[in-house]
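Participant: Quick one: structure below, then a few questions.
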Amino acid sequence: MSVIFWLISAITIAGALFAVILKNTVHCALALTVAFAGLALLFLGLDAQFAGFTEIMVYIGAVAILVVFAILLTRGSETPKDSVYSRFPVAGLVAAAGVFAVLGWAVLQSAGALPHAMQMPSATAKEIGYALVGRYVLPLEILALLLTVATIGAVIVALHEKEGK
Amino acid sequence: MFENLDQIFILLRNMVLGYLPEPLRPFVSVVLGVVAIVAIFPGLFALTTVFERKGIARIQNRLGPNRVGPFGLLQPIADGIKSLTKEDIVPTTSNGFIHFLAPLVLVVAVFMGFAVLPMGRNMVLVDMDCALLFYFAMGASSELAVFMAGWSSRNKYSLLGAMRAVAQMISYEVILLLSGLAVVMITGSLSLTKIVEAQNVYSGWFPHWYIFTPWGLAGFVMYAIAATAETNRSPFDLPEGESELVAGYHTEYSGFKFALFFLGEYLAMFSISGLGSTLFLGGWSAPFSFLTWVPSWIWFFSKLMLSIFVFIWMRGTLPRLRQDQLMNFAWKFVLPFTLYNLMVTALWRFLGDGWERWVVCTVLVIAGYVLLGRVSMRREHFGPRSYRYAE
Amino acid sequence: MTPLTAHLLVAALLFAIGLAGALTRRNAILVLIGIELMLNAANLNFIAFWRYSPHPEALTGMMFAIFSIAVAAAEAAVGLGLVIAIHRHLHSTDLDQMNRMKG
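Residue numbers (this note's numbering), protein chains in the order written: chain V, 465 to 629; chain Y, 2 to 392; chain A, 49 to 151.
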């Protein structure tokens with residue numbers, strides 16, 4: 465495996481690790497952005513250009529900014545009085561380590577049966593467009609409905625109610 | 002002879018690559034392209050600072066900088082020396098790491114946008130299939146750098162300026178995308194080289210630039226509005242308005258870091274003007290078919306400098322918009338009009354060649370503009386003033 | 049170790065880190081950050097399998113990943129809206145304090 469893949473993976477995993485470890489919430493959000501950028505580079509390394517650029521635009525350009533706005537609106541950037549970890553963090557760590565052990569074992573056990581790379585897939589934007597309105601038109605329409613409902617719902621949920629209602 | 006002049010940079014690069022062994026060639030080719038971009042655009046930035054100051058000065062009936070060189074043209078060198086030698090003050094309570102990284106992230110994200118602009122025939126640094134998507138992805142990354150700058154300064158005014166700037170940039174980013182989408186719909190490709198080649202067709206003397214179509218003109222105007230808002234230029238420069246917010250999100254930066262923010266803002270202006278001229282003004286294609294002997298890169302840079310001139314003109318002429326006026330304008334007028342423009346573009350595509358589609362689309366665009374303006378930008382009528390006296 | 053196995057292991061590690069974050073942090077927003085990491089790890093799995101599959105021209109993996117990105121964005125919006133609304137009520141984002149059904 466190439467050096468670049470391991471470098472990008474290391475950056476991604478480091479970003480993800482810092483996103484769940486750091487005490488200051490805004491630092492966590494910025495480390496999460498680094499993890500997203502690393503993931504987008506991994507997608508680009510897998511020749512999925514559309515998915516990679518969509519990831520940058522949606523996750524770094526929208527979700528990360530949303531997370532940061534939410535942190536600022538909920539006063540998350542001030543230092544908390546108690547510890548930032550919940551009461552029994554060990555249970556969570558054990559569960560996560562267990563999940564990783566199971567997944568890693570499954571991947572390594574079936575390494576012989578997994579396919580190797582053959583041809584270069586061509587996923588031009590044109591083909592993706594044809595697929596979206598051809599084979600996947602129903603998921604596309606449902607996704608449009610879902611996004612509309614989610615946007616309206618999020619605005620209503622977070623709306624500041626007028627005083628004295 | 003003129004074909005050689007047109008391709009002179011490509012020929013120079015091939016000549017240099019000819020002296021090198023085979024395995025090094027792709028690497029050196031990319032490095033040469035990157036060095037060219039990093040050398041040309043900051044040089045253009047230096048020239049633009051002088052032109053801006055002199056242009057705005059002339060609009061305001063005064064002379065601009067005129068002491069440093071002939072007509073003040075060496076002023077950028079003086080500015081550069083000043084910003085490099087100024088003391089770099091970092092507030093003690095600021096978040097040092099993020100405070101240091103914010104201008105770097107901004108400049109890197111803005112430089113990446115230049116990689117996909119076709120600056121001449123065959124003169125793209127990276128010819129990608131999803132070039133437009135890449136450009137908008139890099140634009141989205143620069144918003145986070147603005148937030149980082151504002152938050153890490155631990156300053157109420159910086160944070161407020163950063164929040165306003167980010168809200169403004171996200172709102173107008175959607176409009177930028179939708180205006181560009183109309184062009185993509187007609188061309189059938191996200192690749193910027195294909196978009197320019199589709200506009201490089203001449204019927205008689207006139208080129209088939211997209212700005213000469215009704216939906217293209219509407220799209221270009223919306224794109225220009227969104228471009229001024231994205232780069233925080235007047236009349237949308239409340240986030241960095243000196244009279245309201247000190248200097249907004251770059252209050253706490255001094256010396257070279259401030260120069261980097263300044264560089265980032267102007268480079269963003271260049272790349273968004275370059276993208277606008279690629280999408281709507283035909284990129285490197287000549288305006289008349291008898292002028293195609295002029296090299297293509299001259300046309301691209303002329304269009305770029307024309308856009309910059311219009312930006313400077315707008316800055317000197319128009320008053321600043323308030324934040325709520327800005328956001329109202331974006332969400333209530335420009336965004337619905339851009340969506341309506343997309344539908345008109347679709348109608349253009351399917352009405353077939355002929356004079357009918359011109360008439361129908363022009364009427365639809367004008368009607369939509371007038372109706373939407375009347376409906377959504379209604380001014381509130383205020384009642385007579387009531388006075389309350391302190392008793 | 050084939051490239052596919054390497055990508056799958058990286059995705060599994062990201063998933064585990066996201067799960068650990070979602071389970072051990074107090075702040076509700078950090079739980080959402082953990083969820084986003086888990087969704088992204090699944091996306092990486094999809095794209096890796098799409099790339100090394102015998103029929104990549106069917107674009108199934110890429111389509112799934114694109115839809116997953118869109119759905120994750122919608123879910124982040126709704127989740128963060130909920131966190132903001134709860135904060136307005138309880139003046140805290142501590143998950144251990146959100147333990148009553150009646151507001």
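Note that beta-carbon positions come from the ideal geometry of N, C-alpha and C, so glycine has one too.
Run through DSSP, which three-state label would Asn96(Y) get?
Facilitator: Residue 96(Y) sits at position 95 when you count from the first residue of the second sequence. If DSSP states are grouped into helix, strand and coil, Asn96(Y) belongs with coil.
Participant: Got a sec: is the Cβ-Cβ distance from Thr588(V) to anything in chain A below 8 Å?
Facilitator: Counting from one through the first sequence, the residue named residue 588(V) turns up at place 124. Chain A, which has no Cβ nearer than 8 Å to the Cβ of Thr588(V), makes this no.
Participant: Helix, strand or coil: how does DSSP classify Lys629(V) here?
Facilitator: By 1-based counting over the first sequence, the position of residue 629(V) is 165. Caution applies to Lys629(V), whose pLDDT of 41 falls short of 50 and renders its modelled position unreliable; the value that the coordinates give is listed next. If DSSP states are grouped into helix, strand and coil, Lys629(V) belongs with coil.
Participant: How would you list, in chain order, the residues of chain A whose beta-carbon sits under 7 Å from the beta-carbon of Gly556(V)?
Facilitator: Residue mapping note: residue 556(V) aligns to position 92 of the first sequence, counting from 1. The answer, in chain order, is Ala68, Leu71, Thr72.
Participant: Please return the same chain residues whose Cβ sits closer than 8 Å to the Cβ of Ile77(A), not counting the five positions on each side in sequence.
Facilitator: Taking the first residue of the third sequence as position 1, residue 77(A) is located at position 29. Excluding sequence neighbours, Ile77(A) sits near Leu128, Val131, Thr141.
Participant: From Phe112(Y) to Leu268(Y), what distance separates their C-alpha atoms?
Facilitator: Your numbering for residue 112(Y) matches position 111 in the second sequence. Your numbering for residue 268(Y) matches position 267 in the second sequence. If I take the Cα positions, the gap works out to 7 Å.
Participant: Would Phe115(Y) and Ile212(Y) qualify as a contact pair, given that the criterion is a beta-carbon distance under 8 Å?
Facilitator: For this step, residue 115(Y) is matched to residue 114 along the second sequence. For this step, residue 212(Y) is matched to residue 211 along the second sequence. No, they are not a contact pair.
Participant: Which value, in whole angstroms, describes the spacing of the CA atoms of Ser159(Y) and Ser235(Y)?
Facilitator: Against the second sequence, residue 159(Y) aligns to sequence position 158. Against the second sequence, residue 235(Y) aligns to sequence position 234. If you take the alpha carbons of Ser159(Y) and Ser235(Y), they lie about 19 Å apart.
Participant: So the candidates are Leu105(Y), Arg122(Y), Ile90(Y); which of them puts its Cα closest to the Cα of Ile11(Y)?
Facilitator: Looking up residue 11(Y) in the second sequence gives position 10. The residue with the shortest Cα to Cα distance from Ile11(Y) is Arg122(Y).
Participant: Got a sec, what are the start and stop residues for the alpha helix (DSSP H) Leu143(A) sits in?
Facilitator: Numbered from its first residue, the third sequence carries residue 143(A) at position 95. Taken as a continuous stretch (DSSP letters only), Leu143(A) belongs to no alpha helix (DSSP H), as it is neither H nor E.
Participant: Round the Cβ separation of Leu506(V) and Ile472(V) to the nearest angstrom and send it over; I've been treating them as touching at under 8 Å.
Facilitator: As a working note, residue 506(V) is residue 42 in the first sequence. As a working note, residue 472(V) is residue 8 in the first sequence. Right, the Cβ-Cβ distance comes to about 6 Å (below 8 Å), so this counts as a contact.
Participant: Please name the residues in the stretch 133-144 of chain Y whose beta-carbon is closer than 7 Å to at least one beta-carbon of chain V, in chain order.
Facilitator: Leu134, Phe135, Phe137, Ala138, Ala141, Ser142, Glu144
Participant: Compare the Cα-Cα distances from Thr94(Y) to each of Asn156(Y), Met149(Y), Gly34(Y) and report the closest residue.
Facilitator: Indexing the second sequence from 1 puts residue 94(Y) at position 93. Relative to Thr94(Y), the option among Asn156(Y), Met149(Y), Gly34(Y) whose CA is nearest is Asn156(Y).
Participant: Give me the residue from Thr363(Y), Met120(Y), Arg375(Y) with the minimum Cα distance to Thr214(Y).
Facilitator: Residue numbering aside, residue 214(Y) sits at position 213 when the second sequence is read from its first letter. Residue Thr363(Y) is the option with its Cα nearest to Thr214(Y).
Participant: Would DSSP call Ser286(Y) helix, strand or coil?
Facilitator: What you label residue 286(Y) is simply residue 285 of the second sequence in a count that begins at 1. Note: Ser286(Y) maps to coil in three-state DSSP.
Participant: Could you pull out every residue in the same chain whose Cβ sits closer than 6 Å to the Cβ of Ala59(A), ignoring the five residues on either side in sequence?
Facilitator: Counting from 1 along the third sequence, the entry for residue 59(A) is found at position 11. Closer than 6 Å at the Cβ level, and outside the excluded window around Ala59(A), lie Ala89, Leu92, Asn93.
Participant: The alpha helix (DSSP H) that contains Gln8(Y), what's its start and end?
Facilitator: Sequence index remark: in the second sequence, residue 8(Y) carries index 7 (1-based). That residue, Gln8(Y), is in no alpha helix (DSSP H); it is neither H nor E in DSSP.
Participant: Residues of chain V with a CB under 8 Å from the CB of Leu138(A): which are they?
Facilitator: Counting from 1 along the third sequence, the entry for residue 138(A) is found at position 90. Under the 8 Å cutoff, chain V gives no residues; its nearest Cβ is about 10 Å from Leu138(A).
Participant: Chain V partners of Arg148(A), CB-CB under 7 Å?
Facilitator: Within the third sequence, the letter at position 100 stands for residue 148(A). The contacting residues do not exist; Arg148(A) stays about 17 Å from chain V at best.
Participant: Below 8 Å on the Cβ atoms is my contact criterion, and I expect Met186(Y) with Ala368(Y) to pass it. Report the Cβ-Cβ distance as a whole number of Å.
Facilitator: Position 185 of the second sequence, counting from 1, holds the residue named residue 186(Y). Position 367 of the second sequence, counting from 1, holds the residue named residue 368(Y). Rounded, the Cβ-Cβ distance is 21 Å, inconsistent with contact.
Participant: Tell me the DSSP bridge mates of Pro208(Y)?
Facilitator: Locating residue 208(Y) in the second sequence gives position 207, counting from the first residue. Bridge partners of Pro208(Y): Tyr203(Y).
Participant: Can you grab the Cα-Cα spacing for the pair Arg14(Y) / Gly283(Y), in whole Å?
Facilitator: Taking the second sequence and counting its residues from 1, one reaches residue 14(Y) at position 13. Taking the second sequence and counting its residues from 1, one reaches residue 283(Y) at position 282. The straight-line gap from Cα to Cα measures roughly 25 Å.
Participant: 8 Å is my cut-off, CB to CB: does Phe514(V) come that close to chain Y?
Facilitator: Walking along the first sequence from the start, residue 514(V) turns up at place 50. Closer than 8 Å to some Cβ of chain Y, the Cβ of Phe514(V) qualifies, so yes.
Participant: In chain V, which residues lie less than 8 Å from Ile81(A) when you measure between Cβ atoms?
Facilitator: Your numbering for residue 81(A) matches position 33 in the third sequence. Correct list: Ala483, Val484, Cys492, Ala493, Leu496, Val531.
Participant: Could you check which residue in Pro553(V), His491(V), Ile485(V) has the C-alpha nearest to that of Gly97(Y)?
Facilitator: Numbered from its first residue, the second sequence carries residue 97(Y) at position 96. Ranking Pro553(V), His491(V), Ile485(V) by Cα distance to Gly97(Y) puts His491(V) first.
Participant: For the 8 Å Cβ check, are there 3 or more pairs between the stretch 323-330 of chain Y and the stretch 159-172 of chain Y?
Facilitator: Yes, the stretch 323-330 of chain Y touches the stretch 159-172 of chain Y.
Participant: Can you check whether the C-beta of Thr543(V) is within less than 8 Å of a C-beta belonging to chain A?
Facilitator: By one-based count along the first sequence, residue 543(V) stands at place 79. Thr543(V) does not count as touching chain A.
Participant: Near Phe514(V), what residues of its chain come up, given a Cβ to Cβ distance below 7 Å and the 5 sequence neighbours on each side ignored?
Facilitator: Within the first sequence, the letter at position 50 stands for residue 514(V). These residues qualify, in order along the chain: Ala587, Ala589, Ile592.
Participant: Leaving out the 5 sequence neighbours to the left and right, which residues in its chain are closer than 7 Å to Trp502(V) when beta-carbon positions are compared?
Facilitator: Locating residue 502(V) in the first sequence gives position 38, counting from the first residue. It is Gly, not Trp, that sits at residue 502(V) in the sequence shown. Hits under 7 Å: Ile472, Ile475, Thr476, Gly479.
Participant: Quick check: what's the CA-CA separation for Phe302(Y) versus Trp285(Y)?
Facilitator: Start at 1 with the first residue of the second sequence, and residue 302(Y) comes out as number 301. Start at 1 with the first residue of the second sequence, and residue 285(Y) comes out as number 284. Approximately 8 Å, taken between the alpha carbons.
Participant: Would the stretch 67-86 of chain Y and the stretch 327-345 of chain Y be scored as touching if the rule is three or more Cβ pairs under 8 Å?
Facilitator: no
Participant: When DSSP labels each residue in this structure, what does Met2(Y) get in the three-state scheme?
Facilitator: Working through the second sequence from its first residue, we reach residue 2(Y) at position 1. Note: Met2(Y) maps to coil in three-state DSSP.
Participant: If you run the structure through DSSP and keep just helix, strand and coil, what is Arg73(A)?
Facilitator: Here residue 73(A) corresponds to residue number 25 of the third sequence, with the count starting at 1. If DSSP states are grouped into helix, strand and coil, Arg73(A) belongs with the strands.
Participant: State buried or exposed for Ala565(V), treating a residue as buried only when at least 16 other CB atoms are found within 10 Å of its CB.
Facilitator: Residue 565(V) sits at position 101 when you count from the first residue of the first sequence. By the C-beta density criterion, Ala565(V) is exposed, having fewer than 16 other C-beta atoms within 10 angstroms.
Participant: Taking three-plus beta-carbon pairs below 8 Å as touching, is the stretch 537-548 of chain V in contact with the stretch 96-115 of chain A?
Facilitator: no
Participant: Cβ atoms of Leu567(V) and Phe63(A): under 8 Å apart, would you say?
Facilitator: Taking the third sequence and counting its residues from 1, one reaches residue 63(A) at position 15. Taking the first sequence and counting its residues from 1, one reaches residue 567(V) at position 103. Yes, the pair counts as a contact, with Cβ atoms nearer than the cut-off.
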